[in-house]
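*Asks:* Right, I'll just put the structure down here and ask away after.
Number of protein chains: 2
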Amino acid sequence: MVPRQTSRDLRNESRFEVLRALFELGPSTRQEIARHTRLSTATVATLVTEFLSEGVLRIAALERRTVGRPYERLAIDPDRGRIVGVDVAETYVAATLFDIALTPISHGEVTLDEHENSQAYVVDGIVRAVEAAVGTGAGEADRILGVGVSMPGQVSPGAGVSVFAPNWDWHEVKIEELLAQGLRIPVYVDNPLKAVALSEMWFGVGRVADSMAVVNLGTGVGAGIAIDGALIRGANNNAGEWGHTLLQLDGRQCRCGRRGCVEAYLGVHGIETSLAEIDKDHPALRQPLQRDFIDAVATGLAAGDPVLAELARRTAHYLAAALGDLVTLLDIPYITLTGWTSTALAEWLVPAVRAELPDHVLPGSLPDLTVEVSRVPGNPVALGMAAFALEHFLGRLGLPSPASAPIARRRTRPQS
Amino acid sequence: MVPRQTSRDLRNESRFEVLRALFELGPSTRQEIARHTRLSTATVATLVTEFLSEGVLRIAALERRTVGRPYERLAIDPDRGRIVGVDVAETYVAATLFDIALTPISHGEVTLDEHENSQAYVVDGIVRAVEAAVGTGAGEADRILGVGVSMPGQVSPGAGVSVFAPNWDWHEVKIEELLAQGLRIPVYVDNPLKAVALSEMWFGVGRVADSMAVVNLGTGVGAGIAIDGALIRGANNNAGEWGHTLLQLDGRQCRCGRRGCVEAYLGVHGIETSLAEIDKDHPALRQPLQRDFIDAVATGLAAGDPVLAELARRTAHYLAAALGDLVTLLDIPYITLTGWTSTALAEWLVPAVRAELPDHVLPGSLPDLTVEVSRVPGNPVALGMAAFALEHFLGRLGLPSPASAPIARRRTRPQS
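Heads up: the protein sequence lines correspond to chains A and B, in order. Okay, so the first sequence: first residue is 0 according to numbering that gives the first Met the number 0, each after it adds one. Okay, so the second sequence: first residue is 0 according to numbering that gives the first Met the number 0, each after it adds one.
Below, the structure written as structure tokens:
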């Protein structure tokens, strides 16, 4: 029953390595790609020829030498088409149009009323955000090769294509089908934890490490996990729900129904609850919107508000304890923080978490443990979803380049 | 930086598949092995020839047909040599002598005084347990191909070969070297969570599933984790320390120094603490030895003791919550319980945990979730360590057959 890789899988992985080298290095010669990937020059030459013939790569420059043939510098051809990455949250839809080198071109955003949750309303919001990102430029819409959409809650890409979104009370919604009808473009749906992990693997610490947890702090909290270069999906594509692991048995009520979850302390409502415990009349609690609350906390902290300093202290304590569990269980060396709470409060949370984390981690897992705010640019959910959509487009071209498939899926073909 | 498999890695993995098929099927023809492993018959024939020439396999039977050549049935040759697997705990050393088909032959056990923790004392105890298992039979000692020793605490096999054992206050002890001097045989050291995971992968639910958590309940508690067929080791071989993740922030003092760890509720001392909270004068608490305490609890439960029924209820509540975290974080479909607490109290804990687990797991991770007591026979730590020692012996023969190496380690060679 142990799954097994085949020669074909190796070739597909090598193909991804070539793309990844080009994302990292920019325009490169075949020799540079071979050196970077440690693939043979023959393998690189074959894969490059495939990509050139499908227009995925182009010759970006010719480099002349004093003798011999000039070197060709290869690059992903941005003109090959467009990819859209979409981040659907409970309060907004943010869409980014990318070229296939995953350089962002334009954005579109639509606000969602969190009290309106019909399928038609949300699908319409997604379609409008994509249209806003794509714009009305000549023929732009026709150039889109794929759309990747991150949906909150539990998502089963491929087979089931259903969504269980706790806040929306959706069950088994055929969201890929609905969106494909609305957008008339191939749509791939996944969940945001998988998207932030993939963007970190392609464009963040994945460049220096194979194992990482990408911890998202926002309305909800969760962790995208990669181990030894593979995105951990779990048996039902539901891995990473760190926000619903315990901080406190039988503690605060969580919106998932359980008590004492990490999210009940580190989600925005959890941080609001902590503030109310310290000072229920604090003005920051009067902000009706979650983002405004977090911004008010950041502003107050910068101004030296002692109540908010105590809030930051408690929140850092909860975060250090909850990150400690991730490290203790998986002995994972890199934690990157993402999401708007992370961004807004990094200055106060990160140093405190680094200082306290050793109290929560067994000594054996401490060497080289790194906690930092993610350096992935832009909206990492939209970027990760665009990377998934690109992966799927390449698969449809007959050039599979898997960067995220769990090992078991990559290894299903019998060896011939 | 994403590691990559090479053709040589594929061949090594295929070699392991052949061995695994023989462990599962017993004596088999090349055709049966090919069908079971989905390897080509040519590949199977090549690998079988290698194994035959090194004496790892033998022709166990010839099966005659009415026409054509007879089929050869192949089996692991039990006479090729012996492997010893050793389970070192804080209160005992248990050693099992196996043939290289990993069939147990004989056992030896030595009691350790938990207050005596010098290196010489522990090393001597291990040597005596191995000698007791091997016995004084003619030449048995000379036939031993390798010894696998599980040590409590943090173990870095290979490079560091050091141990940090919290209860023994050992730091950076070169245990492989010390043992190899004492035993004059190649020694491989690892930690018990890796051993129980490997035995489950080879001889337990690994036969039907690629992802599992093997939860060990004894003096300490922890979880061996396999995902998509790979043993999760972590950056410092320290993954699986589920016993030191939080059940209760700032809760009961744990012997690791942190407060509120799972082990402080589910380790034997944790269960004793729970009983003392219900009835500090309960007679079971008068048992001086941990195993006698657990046996007294089992006996009392069987006799209908209402205080112990309340203890079982609370312990099952803690266990369901803590297992829920494992499932929620990793979306892992199989949990097997091992260790002597699991064995002694299964009748009371398992049904209660199964009933409560859905309250602690997101709905998306519930389908097909299975919790059961491990069916791996004998001492799973000793068996797992013997499997590691066999893996290392095959590597020394020039026939690497990796069953446990993390993907990143398996994939370090450049492709040629």
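By construction, the Cβ of each residue, glycine as well, lies at the ideal position given by its N, Cα and C atoms.
According to DSSP, is methionine 384 of chain A helix, strand or coil?
*Replies:* Three-state DSSP puts methionine 384 of chain A in a helix.
*Asks:* Quick one: give me the first and last residue of the beta strand (DSSP E) that alanine 88 of chain A is part of.
*Replies:* Premise fails: alanine 88 of chain A is in no beta strand (DSSP E) and is neither H nor E.
*Asks:* Tell me the DSSP secondary structure of methionine 150 of chain A in three-state form.
*Replies:* In the structure shown, methionine 150 of chain A sits in coil (DSSP, three-state: anything other than H, G, I, E or B).
*Asks:* Just by C-beta distance, which residues in the region 196 to 216 of chain B are closer than 9 Å to chain A?
*Replies:* If the cut-off is 9 Å between Cβ atoms, the region 196 to 216 of chain B has Met200, Gly205, Arg206, Val207, Ala208, Asp209, Ser210 near chain A.
*Asks:* Taking only the alpha-carbon atoms, compute the straight-line gap between leucine 288 of chain A and isoleucine 270 of chain A and give it to the nearest angstrom.
*Replies:* Using only the alpha carbons, I get a separation of about 13 Å.
*Asks:* Only counting the same chain, and skipping five residues up and downstream in sequence, which positions put a Cβ closer than 6 Å to that of glycine 159 of chain A?
*Replies:* Here glycine 159 of chain A scores only 41 on pLDDT, less than 50, and its place in the model should not be relied on; the value that follows carries that caveat. Cβ within range, chain order: n/a, list empty.
*Asks:* Going by DSSP, what residue range makes up the alpha helix (DSSP H) through isoleucine 277 of chain A?
*Replies:* Residues 267 to 277.
*Asks:* Tell me the DSSP secondary structure of histidine 106 of chain B in three-state form.
*Replies:* Three-state DSSP puts histidine 106 of chain B in a strand.
*Asks:* Would you say cysteine 255 of chain B reaches chain A, if we count a Cβ-Cβ gap shorter than 8 Å as a contact?
*Replies:* Cβ-Cβ to chain A under 8 Å: yes for cysteine 255 of chain B.
*Asks:* If you draw a straight line from the alpha carbon of leucine 144 of chain A to that of aspartate 78 of chain A, how long is it in whole angstroms?
*Replies:* If you take the alpha carbons of leucine 144 of chain A and aspartate 78 of chain A, they lie about 11 Å apart.
*Asks:* In the DSSP assignment, what residue or residues form a beta bridge with cysteine 260 of chain B?
*Replies:* DSSP output for cysteine 260 of chain B lists B:Leu245 as bridge partner(s).
*Asks:* Should alanine 320 of chain B be flagged as near chain A, meaning a C-beta pair shorter than 8 Å?
*Replies:* Chain A contact via Cβ: present.
*Asks:* In the DSSP assignment, the alpha helix (DSSP H) including valine 43 of chain A goes from what residue to what residue?
*Replies:* Its alpha helix (DSSP H) spans residues 40 to 52.
*Asks:* Could you work out which residues of chain B lie near isoleucine 247 of chain A, taking near to mean beta carbons separated by less than 7 Å?
*Replies:* The residue you asked about is not isoleucine; residue 247 of chain A is glutamine in the sequence shown. Within chain B, the residues near glutamine 247 of chain A are Gln247, Leu248.
*Asks:* Under 7 Å Cβ to Cβ from glycine 299 of chain A, same chain only, skipping five residues before and after it: list those, please.
*Replies:* So the list reads Ala283, Leu307, once near-sequence residues are dropped.
*Asks:* Chain B partners of glutamine 438 of chain A, CB-CB under 8 Å?
*Replies:* This structure cannot speak to residue 438 of chain A, because chain A is shown only from 0 to 415.
*Asks:* For a contact meaning CB atoms closer than 8 Å, what does histidine 243 of chain B contact in chain A?
*Replies:* Ordered by position in chain A, the residues that pass the 8 Å Cβ test against histidine 243 of chain B are Thr327, Leu361.
*Asks:* Using DSSP with H/G/I as helix, E/B as strand and the rest coil, what is glutamate 171 of chain B?
*Replies:* DSSP places glutamate 171 of chain B in coil when its eight states are reduced to three.
*Asks:* What do you reckon, are the CB atoms on valine 172 of chain A and valine 87 of chain A nearer than 8 Å?
*Replies:* Not in contact: valine 172 of chain A and valine 87 of chain A (Cβ atoms no closer than 8 Å).
*Asks:* Is alanine 222 of chain B near leucine 192 of chain B, with beta carbons less than 8 Å apart?
*Replies:* A contact, by the Cβ cut-off of 8 Å.
*Asks:* With 7 Å as the limit, tell me which residues of the region 178 to 195 of chain B have their beta carbon closer than that to any beta carbon of chain A; keep them in chain order.
*Replies:* Residues passing the 7 Å Cβ filter: none.
*Asks:* Quick test of your reading: leucine 111 of chain B and valine 126 of chain B, contact by CB under 8 Å. State the CB separation rounded to the nearest angstrom.
*Replies:* With 8 Å as the limit, leucine 111 of chain B and valine 126 of chain B do not qualify as a contact, their Cβ atoms being about 13 Å apart.
*Asks:* Just the Cα atoms here: how many angstroms apart are arginine 374 of chain B and glutamate 176 of chain A?
*Replies:* Rounded to the nearest angstrom, the two C-alpha atoms are 44 Å apart.
*Asks:* Can you pull the chain B neighbours of alanine 235 of chain A, defined as C-beta to C-beta under 7 Å?
*Replies:* It is worth fixing the name first, because residue 235 of chain A is asparagine in this sequence and not alanine. Correct list: Asp330, Gly363, Ser364, Pro366.
*Asks:* To the nearest angstrom, report how far apart serine 52 of chain A and glutamate 71 of chain A are at their CA atoms.
*Replies:* So the alpha carbons of these two residues sit roughly 15 Å apart.
*Asks:* Less than 8 Å between C-beta atoms, sequence neighbours within five positions excluded: which residues of the same chain meet that for valine 360 of chain B?
*Replies:* Excluding positions up to five away in sequence, the list reads Gly323, Val326, Thr327, Leu368.
*Asks:* Is there a Cβ from chain B that is less than 8 Å from the Cβ of alanine 44 of chain A?
*Replies:* Chain B, which has no Cβ nearer than 8 Å to the Cβ of alanine 44 of chain A, makes this no.
*Asks:* Just to confirm the assignment, what range does the beta strand (DSSP E) spanning arginine 206 of chain B have?
*Replies:* Premise fails: arginine 206 of chain B is in no beta strand (DSSP E) and is neither H nor E.
*Asks:* Between isoleucine 75 of chain A and chain B, is there a C-beta pair that is closer than 8 Å?
*Replies:* By this cut-off, isoleucine 75 of chain A is not an interface position.
*Asks:* Might you give, ordered along the chain, the residues of its own chain that have their beta carbon closer than 8 Å to the beta carbon of aspartate 278 of chain A, omitting 5 neighbours on each side?
*Replies:* So the list reads Val306, once near-sequence residues are dropped.
*Asks:* Answer yes or no: do alanine 80 of chain B and arginine 142 of chain B have a C-beta to C-beta separation smaller than 8 Å?
*Replies:* In the sequence under discussion, the amino acid at residue 80 of chain B is glycine, which differs from the alanine named in the question. The answer is yes: Cβ separation under 8 Å.
*Asks:* Jot down the residue ranges of each uninterrupted alpha helix (DSSP H) in the region 325 to 380 of chain B, minimum 4 residues, whole runs only, in chain order.
*Replies:* If we require 4 residues or more, the alpha helix (DSSP H) runs fully inside the region 325 to 380 of chain B come out as 339 to 355.
*Asks:* Run through chain A and tell me which residues come within less than 9 Å of aspartate 358 of chain B, C-beta to C-beta.
*Replies:* Chain A residues near aspartate 358 of chain B: Gly256, Arg257.
*Asks:* Sort A:Tyr264, A:Val195, A:Val85 by Cα distance to leucine 182 of chain A and report the nearest one.
*Replies:* Among A:Tyr264, A:Val195, A:Val85, the Cα nearest to that of leucine 182 of chain A is on A:Val85.
*Asks:* With isoleucine 293 of chain B as the anchor, note down where its alpha helix (DSSP H) starts and where it stops.
*Replies:* 289 to 301 is the span of the alpha helix (DSSP H), which, as asked, contains isoleucine 293 of chain B.
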